[in-house]
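Student:
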Amino acid sequence: MKDLNIYMCGVGGQGIGLLAEAMLRACHKAGYDVKGVDTHGLAQRGGTVVSHLRIGKKIHTPLIPSGQANIVIALERLEGARAAYEMLDEGGKVIFYDAQYQTIGNRLGKFKFPTLDELENIVKQKKGEAVKVFEKDLSDPRMQNIVLIKKMIELEWIPGLNTLTVSEALAELMQGKMLEKNLKLLKA
């Protein structure tokens, strides 16, 4: 497999940190040389949070250069559109949870929420593919990250990323009822 750059984004409090760490560990368990970095230490609830994950033998920095993300995983539509515009590579793929959160930028009037068509047009301009995900009866919005991982497994965008590798990664990151709920959702 060629090198793969995965850019993950959302809003503080959505679970980007867990998404990024679960993806990093699951990809490592699938046999990949993985490097990752995120900005969760700089974020606050309502602010933009991003994580970079890079897979490849000759990767020297975990940061993905602008316009070189092969995959964008977004927990929110505005952040998905922004990431597709700034980070997505020609022919890249975007998977996003179709939710809208009031980010600080929205509250200050700096950004408007993109329509579904606007996000898809950004991806089409880069000859990419966009996949919208939404779980109607999700009991806890912090589990949107698991819904996205589950869809990633189904799409097979990362060979070797599967229910087993993700389950093992989640078991290292949580326990008890929270682990049970997330595994149940992953395997449903």
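Oh and the sequence shown: position 94 is 93 in numbering that gives the first Met the number 0, straight run, nothing missing. The C-beta atom is built at its ideal place from N, Cα and C for all residues, glycine as well. Computed from a predicted model, the values in this text were never measured in an experiment.
1. In whole angstroms, what separates the C-alpha of Q13 from that of T164?
2. Helix, strand or coil for G40? Go by DSSP, reduced to three states.
3. Leaving aside the five residues before and after I121 along the sequence, list all residues of the same chain whose C-beta is less than 7 angstroms from its C-beta, in chain order.
4. Under 9 angstroms, do A29 and P158 count as touching if we go by C-beta distance?
5. I'd like to confirm the pairing. Which residues does DSSP put opposite G35 in its beta bridges?
6. Does the contact criterion of 3 or more C-beta pairs under 8 angstroms hold for the stretch 165-177 versus the stretch 32-39?
7. Taking the CB atoms as reference points, tell me whether I194 and I5 lie closer together than 9 angstroms.
8. What separation, rounded to the nearest whole angstrom, lies between the Cα atoms of M142 and K1?
9. Near T38, what residues of its chain come up, given a Cβ to Cβ distance below 7 angstroms and the 5 sequence neighbours on each side ignored?
10. When you compare the stretch 48-63 with the stretch 90-102, are there three or more beta-carbon pairs, one atom per stretch, that lie closer than 8 angstroms?
11. Along the chain, where does the beta strand (DSSP E) that runs through E75 open and close?
12. Apart from the five residues on each side of it in sequence, which residues of its chain come closer than 7 angstroms, Cβ to Cβ, to M86?
13. Check this for me: beta carbons of A129 and K135, under 9 angstroms apart or not?
14. On the criterion of 16 or more Cβ atoms from any shown chain inside 10 Å, does R106 qualify as buried, or is it exposed?
15. In whole angstroms, what is the alpha-carbon distance linking L41 and V10?
16. State the DSSP-derived secondary structure class of L107, mapped to helix, strand or coil.
Tutor: Checking against the coordinates, here is how it stands:
1. 22 angstroms
2. Residue placement at G40 is flagged as unreliable, the pLDDT there being 49, under the threshold of 50; a coordinate-derived value is accordingly withheld.
3. A80, A83 and Y84
4. yes
5. L52
6. no
7. In this structure the chain extends from 0 to 187, so residue 194 is not present and cannot be described.
8. 30 angstroms
9. V48 and V49
10. no
11. Neither: E75 is in no beta strand (DSSP E) and is coded neither H nor E.
12. Y6, I63, S65, G66, A68 and V71
13. In this structure, K135 does not lie closer than 9 angstroms to A129 by Cβ.
14. exposed
15. Legend: pLDDT at L41 = 49, less than 50; position of this residue unreliable, no value from coordinates given.
16. coil
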